[in-house]
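Undergrad: Protein chains in written order, with my numbering: chain W, 34 to 338; chain G, 37 to 328. Ideal Cβ positions, reconstructed from N, Cα and C, are used throughout, including at glycine.
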Amino acid sequence: MSGYIARRLLQGVVAIVGALLIVFVAQRLSGDPVALMLPMDATEEDFAAMRQALGLDRPLPAQFVVFIANAVQGDFGDSYQWQAPAMALLLERLPATLELALAGLVFALLLAVPLGVISAVHRGGVVDRVAKIFAMLGQAVPGFWIGLLLILFIAVELQWLPAFGRGGLANLVLPAIALGWYPVAAMTRTLRSSMLDILDSDYVRMERAIGLPERWIVWRFALRNAFVPLVTMIGVYFANMLGGAFVIEVVFAWPGVGRAVVDAVFARDFPVVQAGVVLAAVVFVVVNLIVDLSYGFIDPRIRHG
Amino acid sequence: MAEAVLPRPLLGRLLRAREGGFPYIAATVLALVLVCALLGPWISPHDAGRIALSEAMTPPAWLEGGSMSHVLGTDNLGRDILSRIIAGARVSANVALYAIVLSGFIGAVLGMAAGYFGGVVDALISRLIDVQMSVPSIPLAMLFAAVLPPGEAMVIFIIVLSYWTWYARLVRGEVLSLRERDFVKLAKVAGVGTPTVFYRHLAPNVLNMLLVLATLQFGSVIVFEAGLSFLGLGIQPPNVSWGGMLADGRNFIEVAWWLITMPGLAIMAACLASNLLGDWLRDTLDPVRRQL
């Protein structure tokens, strides 16, 4: 088990260093970073001085080492727009993004769990068919379009819920649906098939034989076990939702990391964009790591040797 | 499998005449997208960029105030929505085709090399895949959108960057088992050169899988491109794209619902069609492997 943990940790570190390398290469693709930082009337001497101050006159591998050393300390430079450390600006907004992704996940589960269980118990029934149609449409409809439609129908036409900004629970509902929309189909299918397996197993037959109420068997015993395959997916989809939140945040004017990064792209505020990509990669890797490691605790059958 | 006994839901029956049957509607929709892409300027009722402020915000033809010359209505500048959707099809199809062919080719070559040579080559390529997959594609897209000149080429580059790993992983897994098969081993013993082994013996055996994945991904690439263009980071005006139309329409959501519904329906139809066609292709080409 400890060997497995060490290997996964190392993989995580390699992935993050790789992400940093991608960011570093992209930064060099952007041309001369100094040109972005200095005023238009800067002289050739100003440029040289700035390059030296930033270490840009040194060979690329040395620059990369400096870049990594700074990155490890969370230093990606100051935002050109806000004159403040880029990573700190984004970390301030991270709770908003996490809140949104978590709400999206809750929405997805609220829909997928009943749909998955009912379509397994009543195979071929109405719910099963509806879930199938839903799955087919769900994979083909982009979340940001769902968001626009929700704004159109729920916020503008019916005026039930607010369409923009962050605030109470009411503000959270529409963006959470738009973000949680996509994984519903896959989660429902996974839960349905693992429920079907489990409802067919010996211990469920035994529980039926001793006369436990069917409702107990399905919702308490079977569901608990059928949930295991879903747990991996939850991690993966949660990590993906953090990426998807970048688009949904723009649709709903949600003050999170994604919207700040999109704004930064338009403002050519490169330190913020860099910090955003690295932050997204770190969160992604950490979430996946936690999921992989929690496997063994959730399901003792797959303790890693 | 439990799937087989399940009666097909109504929508499924409509879209696919019978179990395993050719999905005519899906194929027609995709063909329509390709026709629009190829013949756009000749079949569209108006010039997609033509501004006519006197006709601005005309609703679709079936509504009060609509007109048959603008079947799906017009936008805030009086531009014809139908013509713009047809023009957007060109961008979507173009980006999707280039992106899929390129990521399929790069992914297949790297995947074959990793699976066939093993050892250091495999370790390197596998790590590259790990790294690529640990950076979520939307933030990555923003990084490159910030440094590269915007336009179709940039969108294609960004999509290839995120999508090649799918092909590489799929092909690597397949080649790992293929290289142990007799026909590959014997070819090597007989002194066949490595490029020929790749071309003659490995490539034909992974082609079907690649074709299925490519068809399934056609829709997902269209959605990805639409997302980028919606954010304003993808296709730039005056070029027309479905995502860009959604971004424009978003500002008039309270007065003209058709501006955000019509392009979205186009995206959905194209994506749904490619998913259904991909499913059919998978079942037809490879009845054993239902899970891709």
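Out of Trp293(G), Leu321(G), Leu222(G), state which residue places its alpha-carbon closest to the alpha-carbon of Leu246(G).
TA: Leu321(G)
Undergrad: Round the Cβ separation of Gly171(W) and Val217(W) to the nearest angstrom and send it over; I've been treating them as touching at under 8 Å.
TA: 6 Å
Undergrad: Is Asn321(W) close to chain G, meaning its C-beta is less than 9 Å from at least one C-beta of that chain?
TA: yes
Undergrad: For Val320(W), which residues in the same chain have their Cβ closer than 8 Å to its Cβ, ignoring the five residues on either side in sequence?
TA: Gly268, Phe271, Ala272, Leu275
Undergrad: Counting only C-beta atoms, is Met93(G) closer than 9 Å to chain W at any point?
TA: Cβ-Cβ to chain W under 9 Å: no for Met93(G).
Undergrad: Would you kindly report the start and end of the unbroken alpha helix (DSSP H) that includes Asp166(G)?
TA: 155-170
Undergrad: Mapping the DSSP letters down to three states, classify His106(G) as helix, strand or coil.
TA: strand
Undergrad: Measure how close the beta-carbons of Met148(G) and Val211(G) come, nearest whole angstrom, since I'm counting them as under 8 Å.
TA: 5 Å
Undergrad: Taking Cβ positions, are Ala181(G) and Val298(W) nearer each other than 9 Å?
TA: yes
Undergrad: Please classify Phe186(W) as buried or exposed, where buried requires at least 16 neighbouring CB atoms within 10 angstroms.
TA: exposed
Undergrad: Can you tell me where the alpha helix (DSSP H) holding Tyr215(W) begins and where it ends?
TA: 202-232
Undergrad: Within 10 Å of its beta-carbon, does Asn103(W) have 16 or more other beta-carbons around it, so buried, or fewer, so exposed?
TA: exposed
Undergrad: Alpha carbon to alpha carbon, how far is Arg86(G) from Ile303(G)? Give it in angstroms, no decimals.
TA: Cα to Cα, the separation comes out at about 23 Å.
Undergrad: Asn103(W) touches chain G at which residues, Cβ-Cβ below 9 Å?
TA: Residues of chain G whose Cβ lies closer than 9 Å to the Cβ of Asn103(W) do not exist, since the nearest Cβ in that chain is about 17 Å away.
Undergrad: With H, G and I counted as helix, E and B as strand and the rest as coil, what does DSSP make of Asp315(G)?
TA: helix
Undergrad: Mapping the DSSP letters down to three states, classify Asp302(W) as helix, strand or coil.
TA: In this structure, Asp302(W) counts as coil in the three-state DSSP scheme.
Undergrad: So, using beta-carbon positions, are Phe285(W) and Ile184(W) closer together than 9 Å?
TA: yes
Undergrad: Is the shortest distance between the beta-carbon of Val228(G) and the beta-carbons of chain W less than 9 Å?
TA: no
Undergrad: For Pro195(W), name the three-state secondary structure that DSSP assigns.
TA: coil
Undergrad: For Ile122(G) versus Ile61(G), is the C-beta distance shorter than 9 Å?
TA: no
Undergrad: Are the stretch 122-135 of chain G and the stretch 241-260 of chain G touching by the rule of at least three beta carbon pairs closer than 8 Å?
TA: They touch, by the three-pair rule.
Undergrad: Listed from N- to C-terminal order along the chain, which residues in the stretch 49-60 of chain W have their beta-carbon within a distance smaller than 9 Å of any beta-carbon of chain G?
TA: Ile49, Val50, Gly51, Ala52, Leu54, Ile55, Val56, Ala59, Gln60
Undergrad: Counting pairs of Cβ atoms below 8 Å between the stretch 226-236 of chain W and the stretch 148-165 of chain W, do you hit three or more?
TA: yes
Undergrad: Assign Pro118(W) to one of three DSSP states: helix, strand, or coil.
TA: strand
Undergrad: Helix, strand or coil for Asp74(W) per DSSP?
TA: coil
Undergrad: Does the beta-carbon of Gln116(W) have 16 or more other beta-carbons within 10 angstroms, so that it is buried, or is it exposed?
TA: exposed
Undergrad: So, Ser128(G) versus Ala262(G), is the Cβ gap smaller than 9 Å?
TA: yes
Undergrad: Arg61(W) lies in the alpha helix (DSSP H); which residues open and close that run?
TA: 35-62
Undergrad: Got a sec: which bits of the stretch 162-173 of chain G sit with their beta carbon under 7 Å from any beta carbon on chain W, in order along the chain?
TA: So the list reads Arg163, Asp166, Val167, Ser170, Val171, Pro172, Ser173, given in the order they occur along the chain.
Undergrad: Given a threshold of 16 other Cβ atoms within 10 Å of its Cβ, counted over all protein chains shown, does Ser310(G) qualify as buried or as exposed?
TA: Looking at its Cβ environment, which holds 16 or more other Cβ atoms inside 10 Å, Ser310(G) is buried.
Undergrad: Can you pull out the residues from the stretch 288-315 of chain G whose beta carbon lies closer than 7 Å to at least one beta carbon of chain W?
TA: Ile289, Glu290, Trp293, Ile296, Gly300, Ile303, Met304, Cys307, Leu308, Asn311
Undergrad: Going by the DSSP bridge assignment, what does Asp108(W) pair with across the sheet?
TA: Asp108(W) pairs with nothing; no bridge assigned.
Undergrad: Would you list the residues sitting across from Asp116(G) in a DSSP beta bridge?
TA: Thr110(G)
Undergrad: Going by the C-beta, is Asp315(G) closer than 8 Å to any heavy atom of the ligand ZN?
TA: This structure does not include the ligand ZN; it has no bound ligands of any sort.
Undergrad: Which runs of the alpha helix (DSSP H), 4 residues or longer, sit entirely within the stretch 174-219 of chain G?
TA: If we require 4 residues or more, the alpha helix (DSSP H) runs fully inside the stretch 174-219 of chain G come out as 188-214.
Undergrad: Within 10 angstroms of the Cβ of Arg318(G), are there 16 or more other Cβ atoms? Answer buried if so, exposed if not.
TA: buried
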